[in-house]
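Report on one structure; see the data block that follows.
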Amino acid sequence: MGYWGYFVVGRGERPLAELDTLAGAAGGMTLHTSAPGGWQVWEYPDGRGDIGNMNDLARETGAPALFGYVMNSDCVVVEAASPESGAWTTCLARTRMAGYLEGQREGLTLEDYFLDPSDAAERAVFWAEEAGHTVSAEDLAEVLTADPELVAENLLFRLLDRLGVVPL
2 MGYWGYFVVG RGERPLAELD TLAGAAGGMT LHTSAPGGWQ VWEYPDGRGD IGNMNDLARE
62 TGAPALFGYV MNSDCVVVEA ASPESGAWTT CLARTRMAGY LEGQREGLTL EDYFLDPSDA
122 AERAVFWAEE AGHTVSAEDL AEVLTADPEL VAENLLFRLL DRLGVVPL
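See the structure below:
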C-alpha cells in the first residue's frame, strides 16, 4: 500500500502548522523539510480531517501556497494559490489519475477536473513569479506530463524543485 496524505507548501516566518488557516490539521502535521527563503513543506499523513484552504493560506502568509494530495503513491492532486494570480488545480501522473476517476461520474474526464499540463505550466510560471522565481514553462510541463518512476510524491518534489521552492 502506498502513501495517502497531503504535503502543504508555503512560506512564512513562523511554522505553517501554527497558522489559523491550518488549525484543523495542526496536530497531525509534521515538518517534512524547509528551504531558503522561509519555504516550508509540512506533511499531513492519511489526509483525514480538515486540512484547511490553500487560498486562505496564501492570504494569511501573503505568499504563494500549494497543497499536494498524494493518492496511494499513484498520483497527486495539486492545488495552488497565490495572492495576486489566484488559484489553479492540476494533477501529476495523469494516466493513473484517470484510472481513479474512471467510473466516478459518467461523462466527466480528467480535463473536467484539472487544468491540462500546458495551461497548468503557464499558471505555475505566474505562481513562481509571485514567489520571486523565474521558471520555465517547458520544464514545468515536463513534470506535469511525466509518469512516476516509483512513487508519485517524487513528481511532486520535482515540481517543487522546478518552481524554485524546494531544491531536490
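FYI, the numbering for the sequence shown is 2 to 169, going by the working numbering. Where a beta carbon is used, it is the ideal one built from N, C-alpha and C, also for glycine.
Straight-line spacing of the CA atoms in residue 135 and residue 129 works out to 7 angstroms.
Classified as buried, residue 91 has 16 or more neighbouring CB atoms from the shown chains inside 10 Å of its CB.
Apart from the 5 residues on each side of it in sequence, residue 10 sits with its Cβ closer than 6 angstroms to the Cβ of 42 and 67 in its chain, given in chain order.
C-alpha of residue 109 to C-alpha of residue 82: approximately 24 angstroms in a straight line. When DSSP states are grouped into helix, strand and coil, residue 40 belongs to the strand group. Rounded to whole angstroms, the gap between the alpha carbons of residue 148 and residue 137 is 19 angstroms. Checking the DSSP bridge columns, you'll see residue 79 partnered with 69 and 91.
Shown here for residue 27: same chain residues with a beta carbon closer than 6 angstroms to its own, the five before and five after excluded, namely 18 in chain order. Beta-bridge partners of residue 168 (DSSP): none assigned.
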